[in-house]
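So in numbering that gives the first Met the number 0, spot 69 of the sequence shown is number 68, and the numbers just go up one at a time.
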Amino acid sequence: MKKIAILGSTGSIGTQTVDILPSIEAEVVALTTNRRIGLLEEQARALHPKMVCAFDENAAKELRVKLADTDIEVLTGMDGLIACASESGADIVVTAVVGMVGLLPTLAAIDAGKDIALANKETLVCAGDIVMRRARECGAEIVPVDSEHSAIFQCLTGREGELHKILLTGSGGPFRGWTREQTRDVTPEMAVRHPNWSMGAKISVDSATMMNKGLEFIEAMHLFGVTPDDIQVLIHPESVVHSMVELLDGTVIAQLGVPDMGLPIQYALTYPERKPSRSDRLDFTAYPGGLHFYAPDLEALPCLALAMQCARTGGTAPTVMNAANEVAVHLFLDHKIGYHSIYESVAAAVDAITPAAA
Ligand code: NAD
Ligand code: MG
0 MKKIAILGST GSIGTQTVDI LPSIEAEVVA LTTNRRIGLL EEQARALHPK
50 MVCAFDENAA KELRVKLADT DIEVLTGMDG LIACASESGA DIVVTAVVGM
100 VGLLPTLAAI DAGKDIALAN KETLVCAGDI VMRRARECGA EIVPVDSEHS
150 AIFQCLTGRE GELHKILLTG SGGPFRGWTR EQTRDVTPEM AVRHPNWSMG
200 AKISVDSATM MNKGLEFIEA MHLFGVTPDD IQVLIHPESV VHSMVELLDG
250 TVIAQLGVPD MGLPIQYALT YPERKPSRSD RLDFTAYPGG LHFYAPDLEA
300 LPCLALAMQC ARTGGTAPTV MNAANEVAVH LFLDHKIGYH SIYESVAAAV
350 DAITPAAA
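As structure tokens, this is what we get:
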């Protein structure tokens, strides 16, 4: 039985990970939240982990009281997250926290020889060179949870040395087809409503600005050891083809499925095996209008263009871009800055630094 630690178990990916547990043979040894302790208590009572962590100190105090009748260890802060990642006895750590707070626990898990089911893309965007190098040195396997990267990973399995190009698909988000001017007055409420996927607030805003596709572009470079020239972004509104690879001879292999994160999460946890799932099945007759693919309009999507530029610059450029984006998205969600200020402030931050080598 595989032992699993779920960092960020109360979020969108975290709860979907808990939901698929009955389909796989697994024992949960650690769970973490920032401050959603009601849900964390429920999960802890159902799954009996060895340890839990509430990142927020006051939340941890309350959680300690709630779980006083159990023998579950309640931790807090970065030390608590790191302990859950590296000292809980896990074989696999699911990194489902949002933001670069995931970096240190991911590195700790790798150092402790754990495999990583990686949802937390910000970790690779801000320090991909370091994380991938450390994983190689420690023999830790990093299996992607992000649907596009899971698709690419599945298409490439058993095809060492055959890759020519990655075709990274994206739905285009809730404002697909809108001009830059039309998005000026977008509110947080509008931005978090995604047509095909239900996700946490931060990644929903990233999907609206298409910064998410930019983060995924950089994530793919690190996961698959390719350069920016090896990746082409394609808008695919139906979200049926989760991504594709073009091989040396021109053959294209795609991975298709319903838009359900349960599938890539389950595959990351059962890899290299594949198990039955409770997910809906893909019905091709449900798309009488066809499946569509086209190039993104980089002028209407400056966050995607900026991320691709930072990917080319390399070094700490993606690190700074990611950090500025995390702050800007939070300010936007708090109604402190407008939608266009997300791009403007991230671009200003990138402009203000001279990137150092990673
Ligand atoms: P979410 O906001 O729904 O959940 C985030 C989780 O992290 C929660 O458990 C929260 O309590 C915890 N958390 C938040 N801030 C924290 C902090 N400062 N310290 C410790 N814990 C903290 O986010 P999500 O949508 O589940 O996304 C999680 C990660 O997975 C992100 O990196 C996202 O880009 C990636 N991802 C998500 C999806 C999706 O469908 N939701 C798809 C692909 C990739
Ligand atoms: Mg994705």
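By construction, the Cβ of each residue, glycine as well, lies at the ideal position given by its N, Cα and C atoms. Only a predicted model underlies this, so the values are computations on that prediction, with no experimental measurement involved.
For D55, is the beta carbon positioned less than 7 Å from some heavy atom of ligand 2?
Counting from 1 along the sequence shown, the entry for residue 55 is found at position 56. No; taking the cut-off as 7 Å, the Cβ of D55 has no heavy atom of ligand 2 nearer than that.
Nearest by alpha-carbon distance to G172: which of G213, L268, G138 and E72 is it?
Here the question's residue 172 lines up with position 173 in the sequence shown. When each option's Cα is compared against that of G172, the closest is G213.
Residue closest to P21, alpha-carbon to alpha-carbon, out of L166, I264, P104 and S87
If you number the sequence shown from 1, residue 21 lands on position 22. It is I264 whose Cα lies nearest to the Cα of P21.
Can you check DSSP and say which residues form a bridge with S87?
Taking the sequence shown and counting its residues from 1, the one referred to as residue 87 is at position 88. S87 pairs with nothing; no bridge assigned.
Could you give the distance in angstroms between the alpha-carbon of A285 and the alpha-carbon of I3?
On the sequence shown, residue 285 is found 286 positions in, with the first residue counted as 1. On the sequence shown, residue 3 is found 4 positions in, with the first residue counted as 1. Taking the straight line joining both Cα atoms gives about 36 Å.
Would you call the CB atoms of A219 and H329 closer than 8 Å?
Your numbering for residue 219 matches position 220 in the sequence shown. Your numbering for residue 329 matches position 330 in the sequence shown. No.
Can a CB atom of chain D be found closer than 8 Å to the CB of L6?
No chain D is present in this structure, which holds just one protein chain.
Short of 6 Å in beta carbon distance, which residues of its chain neighbour P271, apart from the five on each side in sequence? Order them along the chain.
The sequence position of residue 271 within the sequence shown is 272, counting from 1. Hits under 6 Å: none found.
Going straight from the alpha carbon of P187 to that of R35, what length do you get?
In the sequence shown, residue 187 corresponds to position 188, counting from 1. In the sequence shown, residue 35 corresponds to position 36, counting from 1. Taking the straight line joining both Cα atoms gives about 21 Å.
With distance defined between alpha-carbon atoms, name the residue in F292, Y342 and I352 nearest to T318.
Indexing the sequence shown from 1 puts residue 318 at position 319. Of the listed residues, the one whose Cα sits closest to T318 is I352.
Would DSSP call E237 helix, strand or coil?
Counted from its first residue, the sequence shown places residue 237 at position 238. In this structure, E237 counts as coil in the three-state DSSP scheme.
According to the neighbour-count rule (16 or more other Cβ atoms, all chains shown, within 10 Å of its Cβ), is P287 buried or exposed?
Against the sequence shown, residue 287 aligns to sequence position 288. Looking at its Cβ environment, which holds fewer than 16 other Cβ atoms inside 10 Å, P287 is exposed.
Tell me the start and end of each unbroken alpha helix (DSSP H) in the stretch 123-189 that is at least 4 residues and wholly inside, in chain order.
146-155
Measure from the alpha carbon of F174 to the alpha carbon of each residue in Y338, A356, V100 and S276, then state which is nearest.
Counting from one through the sequence shown, the residue named residue 174 turns up at place 175. It is Y338 whose Cα lies nearest to the Cα of F174.
Span of the beta strand (DSSP E) around T105
Counted from its first residue, the sequence shown places residue 105 at position 106. Here T105 belongs to no beta strand (DSSP E); instead the alpha helix (DSSP H) covers L102 to D110.
Determine the extent of the alpha helix (DSSP H) in which T208 is found, giving its start and end residues.
In the sequence shown, residue 208 corresponds to position 209, counting from 1. Per DSSP, T208 belongs to the alpha helix (DSSP H) from A200 to T208.
According to DSSP, N1 sits in a beta bridge with which residue or residues?
One-based indexing of the sequence shown puts residue 1 at position 2. In the sequence as presented, Asn is not what sits at residue 1; that position holds Lys. Looking at the DSSP assignment, K1 forms a beta bridge with A25.
With distances taken from CA atoms, which of V97, D78, K1 and E159 is nearest S203?
Residue numbering aside, residue 203 sits at position 204 when the sequence shown is read from its first letter. Comparing Cα positions, the closest option is V97.
Suppose the cutoff is 8 Å on Cβ atoms and the five residues either side in sequence are ignored; what does the same chain contact list for G112 look like?
Here residue 112 refers to the residue found at position 113 when the sequence shown is read from its first residue. The answer, listed in chain order, is C137, G138 and A139.
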